[in-house]
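> This is the structure I have questions about; it appears just below.
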Amino acid sequence: MEHAPTWLVNSLIYLSAAVIVVPLSKALGLGSIIGYLAAGIAIGPWGLGLVSNVEDILHFAEFGVVLMLFLVGLELEPKRLWNLRRPIFGWGSAQVLLCAALLLAVGMAAGLPWRVSLVAALGLALSSTAIALQVFGERNLLRTGSGQAGFSILLFQDVAAIPILALLPLLATGHDAADAVSGTARALEALKIVGVVAGIVLGGRLLLRPLLRWIARSRTPEIFTAASLLLVVAIAALMQLVGLSMALGAFLAGVLLAESEYRRELETDIEPFKGLLLGLFFIAVGMSIDFGVLLANPGWMALVVLGFLAVKAVAIYGLAKLLELPVQERPVFTLLLAQGGEFAFVVFSAAGPSVLPPATASFLVAAVALSMLLSPLLLVALDKWVLPRWSTGDARDIEEISEPQDASVVICGFGRYGQIVGRMMSAEGLQVTVLDHDPDTVEGLREFGYRVFYGDATRLDLLRTAGAATAKVLVVAVDDVEQSLEIVDLAREHFPNTKIVARARNMNHWYQLRDREVHLAEREVFESSLRSGRQVLEILGWPPHEARESAMRFRQFNIQFAEETHPLYKDRAQFISASKLGRQQMEEQMAKERAQRQRRAKSGWSDV
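The following block contains the structure:
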């Protein structure tokens, strides 16, 4: 193939390596990330030598991380991101500063110059966003305490990379220090950065949605896909131009479009590219490991890799205890944040020979790459020998739903609410498919003979497999409000003929379901609370029929009031005013009815 273009040869090599090695790695129980890293080692300069331009491939493959952060941003509405500001800057700064301080102390104790120790500490304090978020997502941990804490810390690291890179010229010695940019130039650079971020925020608010709406009207799916990619590429290029993290810019763009009507379309279009480019990124990391440095100093390399992993693990586990994360989640949380990160490559490369000697930089890059290779292997060891000690009972591994189902009713979430619905359907002889993402719940209910499948109902592919496209009714009974709304959005977009019956956790959740035109939404404790109120009245001496009428009137008024105030619930002042007026009207009406009953009772009339 000597006349074949380079891109064709390289594509053949990368795809062949991935297709052969990754399934083999999965079959051995090692996971896909180890498979990609092993494929990279095999075809790289220290393997078969099929690819030599590793650095170019690594820069291209970093776009996979950019796409991943864009998709993560699409899952976070601005309000939710604002609520995470304290975890991001609190937990994030605590992790980076604590790990950097400990690593700096170790470096200086080992006799390294303070500048070298500081740059090494700052680079090694960062973690791999690609590996961590991939593993959190695969394990359905992103919505858990450890997932939220890990995501907040990783996002802060992307922000922290900006001042770290800005600090490097100040650490330069000799001629580089003299050539360092002036204070005025740095001020202009800062203004440029603020201007770009402000432009992305304002542009996202004012321009992106109308632009996407205009493109969607063309009814050309491939152009919308091209526009989705163009959006991410353009923002990444803009951030790169001013020296900011491309991933951070893509994340901001995703957050700004999280409330857009095209959110699902963007997610569907970009997901396949993200998966492929992330795989290519891991292959590039495997190729970038300099085994020459490793073979020259194997003892020192092992000491540095295991040493910085141990130091970071101690700090991060202590932080996990301080955050009161569940004991079962701490080992995975600790390991995923203890490894080195892809941004360390940028820090060590940008440091320059005046701050970090080339041999030292090459050594540290190899150490970070090895830690990224070692981390998934340690994760396998955790799964086999550490985590089972914290598991309850002898629960087996539960496979996700894989065989297509065809029941007329699909229930998402089989807790106390979903079980009542499911048991009622079963009692009537109706076939039901149940999805639940808690393996303990699934295992326990299967012992009682329930037909329950393990799976995350927010995943479109699992909903399709469960039969949501052909089912007559989809019951959304999950406990988490955000998951519930996400499932409803998916169902309305992809299964328009399936009726949705949803559980509302509270009034605000009920209003949000009505925003999505879900008319069959029931508040989870409303009816039972009415019955309890009725029983209280009877205990206080009310005749049973009067207590029943009072409960029914209250129910009717409450339902009517919810419908009337639905358009106002986003305006707090108007909603509070309407609520006060509604309560006053209800009390006046029920007072009139009490007076009428008392008059009838005195005159000898009875309602019985």
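Those letters in the sequence shown? Residues 941 to 1548, by our numbering. Idealized CB from N, CA, C, for every residue including glycine. Please read all numbers here as calculations on a predicted model, not as lab measurements.
Relative to the C-alpha of Asn-1437, which candidate in Leu-1310, Val-1428 and Leu-1094 has its C-alpha closest?
The shortest Cα separation from Asn-1437 among Leu-1310, Val-1428 and Leu-1094 belongs to Val-1428.
> Report the three-state DSSP secondary structure of Leu-1460 (helix, strand or coil).
Note: Leu-1460 maps to strand in three-state DSSP.
> Give me the Cα-Cα distance between Gly-987 and Ile-1229, rounded to the nearest whole angstrom.
For Gly-987 and Ile-1229, the distance between alpha carbons rounds to 11 Å.
> By a C-beta neighbour count over all protein chains shown, 10 Å radius and 16 as the cutoff for buried, is Pro-1271 buried or exposed?
That one is buried.
> Can you tell me whether DSSP reads Phe-1501 as helix, strand or coil?
DSSP places Phe-1501 in helix when its eight states are reduced to three.
> Quick check on the DSSP output: the beta strand (DSSP E) that includes Ile-1351 runs from which residue to which?
Start and end: 1349-1352.
> Closer than 6 Å to a non-hydrogen atom of the ligand HEM - does that hold for the CB of Ala-1070?
With respect to small molecules bound, the structure shown includes none, and the ligand HEM cannot be examined in it.
> On the DSSP letters alone, give me the boundaries of the alpha helix (DSSP H) that Val-1286 sits inside.
Start and end: 1282-1291.
> Using three-state DSSP, classify Val-1418 as helix, strand or coil.
Correct three-state label for Val-1418: coil.
> So, at 6 Å on beta carbons, what are the nonlocal neighbours of Glu-1201 in its own chain, with the 5 sequence-adjacent residues on each side left out?
Same-chain partners within the cutoff: there are none.
> Ignoring anything shorter than 3 residues, give me the beta strand (DSSP E) runs that lie fully in the segment 1204-1261, in order along the chain.
Listed in chain order, nothing qualifies, since the segment 1204-1261 has no complete beta strand (DSSP E) run of 3 or more residues.
> Excluding five sequence neighbours on each side, which residues of the same chain lie with their C-beta closer than 7 Å to the C-beta of Gln-1529?
Answer for Gln-1529: no residue qualifies.
> Ala-1409 by DSSP, collapsed to three states: which one?
Ala-1409: coil per DSSP, three-state reduction.
> What three-state label does DSSP hand Glu-1533 in the structure shown?
Helix, per DSSP.
> Using a Cβ-Cβ cut-off of 8 Å (strictly less than) and excluding sequence neighbours within five positions of Ala-896, which residues of its own chain qualify?
The structure shown does not extend to residue 896, since the chain spans only 941 to 1548, so no value can be given for it.
> Have a look at Phe-1283, His-1449 and Arg-1386 and flag the residue whose alpha-carbon is nearest the alpha-carbon of Gln-1551.
In the structure displayed, the chain extends from 941 to 1548; residue 1551 sits before or after that span and is not available.
> Is Gly-1280 near Leu-1038, with beta carbons less than 7 Å apart?
In this structure, Leu-1038 does not lie closer than 7 Å to Gly-1280 by Cβ.
> Give the DSSP bridge partners of Ala-1442, in chain order.
Val-1416 and Ala-1461.
> Could you please give the first and the last residue of the uninterrupted alpha helix (DSSP H) stretch that includes Trp-1565?
Residue 1565 falls outside the range modelled here, since the chain spans only 941 to 1548, and no answer is possible.
> Just checking my contact of Arg-1454 with Val-1295 at CB under 8 Å: how many whole Å lie between their CB atoms?
Incorrect: roughly 59 Å between the Cβ atoms, too far for contact.
> Within a Cβ cutoff of 8 Å, which residues of the same chain sit near Thr-1084, ignoring the five residues on either side of it in sequence?
Here the set comprises Pro-1266 and Glu-1269.
> Measuring straight from C-alpha to C-alpha, what distance separates Gly-1389 and Asn-1446?
Whole-angstrom Cα-Cα distance: 31 Å.
> Pull up the CB-CB distance for Ala-978 and Ser-965, whole angstroms please, since I reckon it's below 8 Å.
So it is a contact: roughly 6 Å between Cβ atoms.
> Just verifying my parser: in three-state terms, what is the DSSP assignment at Asn-950?
The answer is helix: DSSP assigns Asn-950 an H, G or I state.
> Give the secondary structure of Asp-1116 by DSSP, where H, G and I count as helix, E and B as strand, and everything else as coil.
At Asp-1116 the pLDDT is 48, less than 50, meaning the model places this residue with poor confidence and gives no usable figure here.
> Mapping DSSP to helix, strand and coil, what is Tyr-976?
In this structure, Tyr-976 counts as helix in the three-state DSSP scheme.
> Flag this pair as yes or no: are the beta carbons of Gly-980 and Gly-1219 separated by less than 7 Å?
Going by C-beta atoms, Gly-980 is not nearer than 7 Å to Gly-1219.
> What is the rounded straight-line gap between the Cα of Asp-1116 and the Cα of Ala-1299?
Interpretation of Asp-1116 is limited by its pLDDT of 48, a score under 50 that renders its predicted location unreliable; the figure taken from the coordinates is listed afterwards. If I take the Cα positions, the gap works out to 19 Å.
> Keeping to the same chain, check which residues put their C-beta closer than 8 Å to that of Leu-1234; ignore five residues upstream and five downstream.
Excluding positions up to five away in sequence, the list reads Met-1241, Ala-1306 and Leu-1310.
> Which residues in the same chain as Leu-1217 place their Cβ atom closer than 7 Å to its Cβ, once the five residues preceding and following it in sequence are excluded?
Only Ala-1001, Phe-1003, Gly-1004 and Leu-1007 meet the Cβ criterion.
> Check Lys-1510 in the structure and name its three-state DSSP category.
Looking at Lys-1510 - three-state DSSP - the assignment turns out to be coil, as it is neither helix nor strand.
> Any idea what DSSP makes of Tyr-1202, helix, strand or coil?
Reduced to three states, the DSSP call for Tyr-1202 is coil.
> Determine the closest residue to Ala-1290 out of Gly-1047, Pro-1109 and Gln-1475, with distance taken between C-alpha atoms.
Of the candidates Gly-1047, Pro-1109 and Gln-1475, the one whose C-alpha sits nearest the C-alpha of Ala-1290 is Pro-1109.
> Does the segment 1165-1185 come close enough to the segment 1391-1410 to have 3 or more Cβ pairs within less than 8 Å?
The segment 1165-1185 is not in contact with the segment 1391-1410.
> Let me confirm a value: Met-1364 is counted as buried when at least 16 other C-beta atoms fall within 10 Å, else exposed. Which label applies?
By the neighbour-count rule (16 or more Cβ atoms within 10 Å), Met-1364 is not buried but exposed.
> Nearest by alpha-carbon distance to Ile-1093: which of Ala-1278, Tyr-1394 and Phe-1393 is it?
Ranking the options by Cα distance to Ile-1093, first place goes to Ala-1278.
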